[in-house]
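At position 277 of the sequence shown (counting the first as 1) the number is 276 in numbering that gives the first Met the number 0, and the numbers step up by one without a gap.
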Amino acid sequence: MITVLSGGTGTPKLLQGIKTIVPEEELCIIVNTLENNYFSGVYVSADIDTVLYTMSDMINEKTWYGRKDDSFYTHDELKKLGFHETLRLGDKDRALKIQKTMLLQEYSLTDAVKIQKERLGIKSSILPMSNEESKVSIITDNGEMSFHEFLVTNKSEPNVKDVVYNNVTPTDEVIECLKTSEQIIIGPSNPITSINPIISMNGIRKILRKKYVTCISPIIGKDAVSGPASKFMEAKGFDVTPVGVAKIYEEFLDHYIINSSDNKYKSSIEEFIPKVSLDNIILKKMDDRINLARKIIFG
Ligand code: GDP
Numbered sequence: 000m001i002t003v004l005s006g007g008t009g010t011p012k013l014l015q016g017i018k019t020i021v022p023e024e025e026l027c028i029i030v031n032t033l034e035n036n037y038f039s040g041v042y043v044s045a046d047i048d049t050v051l052y053t054m055s056d057m058i059n060e061k062t063w064y065g066r067k068d069d070s071f072y073t074h075d076e077l078k079k080l081g082f083h084e085t086l087r088l089g090d091k092d093r094a095l096k097i098q099k100t101m102l103l104q105e106y107s108l109t110d111a112v113k114i115q116k117e118r119l120g121i122k123s124s125i126l127p128m129s130n131e132e133s134k135v136s137i138i139t140d141n142g143e144m145s146f147h148e149f150l151v152t153n154k155s156e157p158n159v160k161d162v163v164y165n166n167v168t169p170t171d172e173v174i175e176c177l178k179t180s181e182q183i184i185i186g187p188s189n190p191i192t193s194i195n196p197i198i199s200m201n202g203i204r205k206i207l208r209k210k211y212v213t214c215i216s217p218i219i220g221k222d223a224v225s226g227p228a229s230k231f232m233e234a235k236g237f238d239v240t241p242v243g244v245a246k247i248y249e250e251f252l253d254h255y256i257i258n259s260s261d262n263k264y265k266s267s268i269e270e271f272i273p274k275v276s277l278d279n280i281i282l283k284k285m286d287d288r289i290n291l292a293r294k295i296i297f298g
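Next up, the structure:
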């Protein structure tokens, strides 16, 4: 079994490569649930849905949320009715979210996602990190705000002073999947709001220390490829460089892959990480995604 820890933008790009190499049944994806919440009357688990759409080849690759070729009739109607949606949900995407919301009346999030991934024909395991509710606050110069308020309403513009969230309990399925994995891959995801919430759960670090863990840096040079990761890392006191990311995963990381242009950081990272490789980690095209997946899995 190979397990990938995922958020909703960087790692899904890599998953597209990994799924061409690893047999679907031998792949398990543990997904961040920190930002899950209700919007427009439906439960939105953005990272989980992005992984569902990525694994079923339906993802909108322009945004890395929602489905490709979606329509927005419901969104537009709601606007006409005077309801401004915080998240612009597509019609087909909304259908998946409505179904999940209904399933949650009867099932845990883990079971609801299992039902949905099976209906989408996905054979890999897709596991929410927890069935418990997370609460995350972004503390900014303009006050405290929810994740989506910061990201969507405020377009990630305010200066970030801190990011705080509660710890949740991992599911039995998550623990089992990690324990039975030969390799664990930390995809290029936001270390503060996508990966740290997973590895901070009780018992996870202890398992990771016993496993072969590979990580791909989401930071190239002195900035994130996209999104607010640099602001969040800075607020948490980490250097916004591939070195800063390595420091976060130092205690269990075996193999770290940084971009070829970041050669200057290699020797300083080698002082505390056993194996550091240089490669093209800018996952623009499918070939980039497959090539990187090959290097991660076959060494
Ligand atoms: P979120 O849930 O949407 O925040 O998604 P993630 O946490 O999975 O992804 C956000 C991170 O992905 C950001 O820190 C980006 O720097 C990183 N990222 C996005 N595209 C790429 C890419 O092509 N290569 C690498 N190395 N990182 C990427």
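Quick reminder that beta carbons are idealized off the backbone N, C-alpha and C, glycines included.
- Counting every other CB atom within 10 Å of its CB across the protein chains shown gives R66 a total of 16 or more, marking it as buried.
- In the displayed model, T49 falls within a helix according to three-state DSSP.
- The DSSP-derived three-state label of K160 is strand.
- Per DSSP, the continuous beta strand (DSSP E) segment holding D278 begins and ends at K274 to D278.
- The Cβ atoms of V135 and E233 do not sit closer than 8 Å to each other.
- Note on geometry: alpha-carbon atoms of V224 and I281 lie some 8 Å from one another.
- Looking at the DSSP output, Y42 sits in a beta bridge with Y37.
- Counting the other CB atoms within 10 Å of its CB gives T10 a total of 16 or more, which places it among the buried residues.
- If only uninterrupted alpha helix (DSSP H) runs of at least 4 residues are considered, those enclosed by the stretch 173-220 are 195-198 and 203-208.
- Leaving aside the five residues that flank L291 on each side, the residues in its chain whose CB is nearer than 8 Å to its CB run, in chain order, L13, G16, I215, I256, D278, N279, I280 and L282.
- Beta-bridge analysis with DSSP links G142 to T139.
- At least one heavy atom of ligand 1 falls within 7 Å of the beta-carbon of G7.
- Annotation for T240: I218, K221 and Y264 place their beta carbon closer than 7 Å to its own, counting only its chain and skipping 5 residues before and after.
- Spatial neighbours of F82 in its own chain (CB-CB distance under 8 Å, excluding positions within 5 residues in sequence) are listed in chain order as S39.
- Judged by their CB atoms, T100 and Y64 are not nearer to each other than the 8 Å cut-off.
- Three or more pairs of CB atoms, one per stretch, sit closer than 8 Å, so the stretch 22-34 contacts the stretch 189-196.
- Ranked by how close their Cα comes to the Cα of V159, the residues N165, K122, L150 and P187 have L150 in first place.
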